[in-house]
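**Student:** Following full-length UniProt numbering, the numbering of the sequence shown begins with 1 at its first residue and continues without gaps.
Using N, Cα and C, we set each Cβ at its ideal position, and we do this for glycine too.
Please read through the structure below; I'll follow up with questions.
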Amino acid sequence: MAVIDLHTHTTASDGTNTPTENVRLAKKKGLQAIAITDHDTVSGLEEGLEAGRQLGVEVIPGIEISTLRHGQDVHVLGYYIEYQQQGLQQELKKLRNVRAKRNELMVARLNELGIDITMEEVKAKQTQPEGNVGRPHMAEVLMDKGIVHSMEEAFEQYLGREGKAYVNPPRISPEDAVRLILRYGGIPVLAHPGLYDDDPLIEELAAIGLKGIEVFHPDHTDSEVDKYSRMAKELHLIATGGSDYHGERNGQVFHSDLGSQPVPREALEHLKQMKQAQDEQAKKEL
């Protein structure tokens, strides 16, 4: 069992637990620290940070930004991002508008495939009214209707990159996400690189300011963990990781349980050191 988890989701996006519930679960499992990294939103951070203070669990403010490269999703994590800045809030609103459009297109594609599903049903799965709606909510509806029997099947058959209903409208690039995170004081880290089959991207992003890659992830094989550990060392990047915990849907945990990944405590220390160095450099430039 790890003592830290640097990748978790809440009801602010497509997780099923509130930020407070994630922190409580971390406390129960004996974790010392977790990051809250919701998709394209920072709306759960205040609650999570307060819960962390009350329960004695260190909470790292974060985000997971959705981008597009060569027709596929690429996610960039941002740790210690200055989430209260108005400029960031405006940029994230634009990203959420794209996400909403994508949801509509995917529901329309499912309808074309003869599946009776509405956006109202999908939105009903979001327990926090102002939270983001995403593909896990669609998967939950598909399970309810008996179209699929698991989250994995929903993504393999319909919602994932090779799925029949997969749609990806234009959105910002991974390079844009790295620059956005840096602009607002965050530490950019490429999420689950093993899902992209695009290792040249890592070196390209490192050249413009990427600070880390998510080596430890439930969807990575042992050989991928070894490969990305080597790449992190070669490119002088921080090797991070996390469970990508989204809570439970229909009794199934997605992607894996909180604290399930063997993330070294040193990863968090390196993130803190990087944040301190960035802040000191920013002061010098004022």
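Classify residue 297: buried if its beta carbon has 16 or more other beta carbons within 10 angstroms, exposed otherwise.
**Tutor:** This structure cannot settle anything about residue 297, because the visible part of the chain is limited to 1 through 286.
**Student:** Can you name, in chain order, every residue of its own chain whose Cβ lies under 7 angstroms from the Cβ of His246, other than the five neighbours on each side?
**Tutor:** Looking up residue 246 in the sequence shown gives position 246. For His246, where only same-chain residues beyond five positions count, the Cβ hits under 7 angstroms are His9, Asp14, Gly15, Thr16, Pro136, Phe254, His255.
**Student:** Mapping the DSSP letters down to three states, classify Tyr155 as helix, strand or coil.
**Tutor:** Residue 155 sits at position 155 when you count from the first residue of the sequence shown. Reading the sequence as shown, one finds Phe at residue 155 and not Tyr. The answer is helix: DSSP assigns Phe155 an H, G or I state.
**Student:** Taking Cβ positions, are Ala267 and Leu237 nearer each other than 8 angstroms?
**Tutor:** On the sequence shown, position 267 is the one that residue 267 refers to. On the sequence shown, position 237 is the one that residue 237 refers to. Not closer than 8 angstroms, so no.
**Student:** Taking a contact to mean a Cβ-Cβ separation below 8 angstroms, would you say Pro188 touches Phe216 in this structure?
**Tutor:** Locating residue 188 in the sequence shown gives position 188, where the first residue counts as 1. Locating residue 216 in the sequence shown gives position 216, where the first residue counts as 1. No.
**Student:** Tell me whether Asn103 is buried or exposed, calling it buried when 16 or more other Cβ atoms sit within 10 Å of its Cβ.
**Tutor:** Reading the sequence shown from its first residue, position 103 is the one you call residue 103. Buried, by the Cβ-count rule.
**Student:** Entirely within the stretch 139-221 and at least 3 residues each: give me those beta strand (DSSP E) ranges in chain order.
**Tutor:** DSSP runs (the beta strand (DSSP E)) wholly in the stretch 139-221: 187-190, 212-216.
**Student:** What residue range does the alpha helix (DSSP H) around Glu112 cover?
**Tutor:** Here residue 112 refers to the residue found at position 112 when the sequence shown is read from its first residue. First-last of the alpha helix (DSSP H) with Glu112: 86-112.
**Student:** Between the Cα of Val133 and those of Gln86, Gln278, Thr118, spot the shortest distance and give me the residue it belongs to.
**Tutor:** Numbered from its first residue, the sequence shown carries residue 133 at position 133. If we check each option's Cα against that of Val133, Thr118 comes out closest.
**Student:** Are there 16 or more other CB atoms within 10 angstroms of the CB of His39, so buried, or fewer, so exposed?
**Tutor:** In the sequence shown, the residue the question calls residue 39 occupies position 39. With 16 or more other Cβ atoms within 10 Å, it is buried.
**Student:** Would you call Asp226 buried or exposed, if buried means 16 or more other Cβ atoms sit within 10 Å of its Cβ?
**Tutor:** On the sequence shown, position 226 is the one that residue 226 refers to. Asp226 is exposed by the Cβ-count criterion.
**Student:** If we ignore side chains and look at the alpha-carbon of each, how far apart do Thr37 and Tyr158 end up?
**Tutor:** By one-based count along the sequence shown, residue 37 stands at place 37. By one-based count along the sequence shown, residue 158 stands at place 158. Looking at the two C-alpha atoms, the distance is approximately 25 angstroms.
**Student:** Excluding five sequence neighbours on each side, which residues of the same chain lie with their C-beta closer than 8 angstroms to the C-beta of Leu95?
**Tutor:** For the purposes of this step, residue 95 is taken as residue 95 along the sequence shown, with counting starting at 1. Asp40, Ile65, Ser66, Arg171, Ile172, listed in sequence order.
**Student:** How many Å lie between Leu271 and Asp73 at the Cα?
**Tutor:** One-based indexing of the sequence shown puts residue 271 at position 271. One-based indexing of the sequence shown puts residue 73 at position 73. Cα to Cα, the separation comes out at about 25 angstroms.
**Student:** Of the choices Ser150, Ala108, Glu130, whose alpha-carbon is the least far from that of Lys164?
**Tutor:** Locating residue 164 in the sequence shown gives position 164, counting from the first residue. Closest by alpha carbon: Ala108.
**Student:** Helix, strand or coil: how does DSSP classify Val133 here?
**Tutor:** Numbered from 1 along the sequence shown, position 133 holds the residue referred to as residue 133. Correct three-state label for Val133: coil.
**Student:** What residues in its chain sit with their C-beta under 6 angstroms from that of Leu235, if we drop five residues either side in the sequence?
**Tutor:** Position 235 of the sequence shown, counted from the start, is the residue given in the question as residue 235. Closer than 6 angstroms at Cβ, skipping near neighbours: Ala206.
**Student:** Three Cβ pairs or more, each shorter than 8 angstroms: is that satisfied between the stretch 270-284 and the stretch 74-82?
**Tutor:** Touching, per the Cβ criterion.
**Student:** So, helix, strand or coil for Met1, using DSSP?
**Tutor:** Looking up residue 1 in the sequence shown gives position 1. In this prediction, Met1 has a pLDDT of 46, which is less than 50 and means its spatial position is unreliable; what the coordinates show is noted afterwards. Reduced to three states, the DSSP call for Met1 is coil.
**Student:** Give the straight-line distance between the Cα atoms of residue 350 and Asp219, rounded to the nearest whole angstrom.
**Tutor:** Here the chain comprises residues numbered 1 to 286, so residue 350 is not present and cannot be evaluated.
**Student:** When you compare only the Cα positions, how much space is there between Glu269 and Glu285?
**Tutor:** Working through the sequence shown from its first residue, we reach residue 269 at position 269. Working through the sequence shown from its first residue, we reach residue 285 at position 285. One C-alpha to the other measures close to 25 angstroms.
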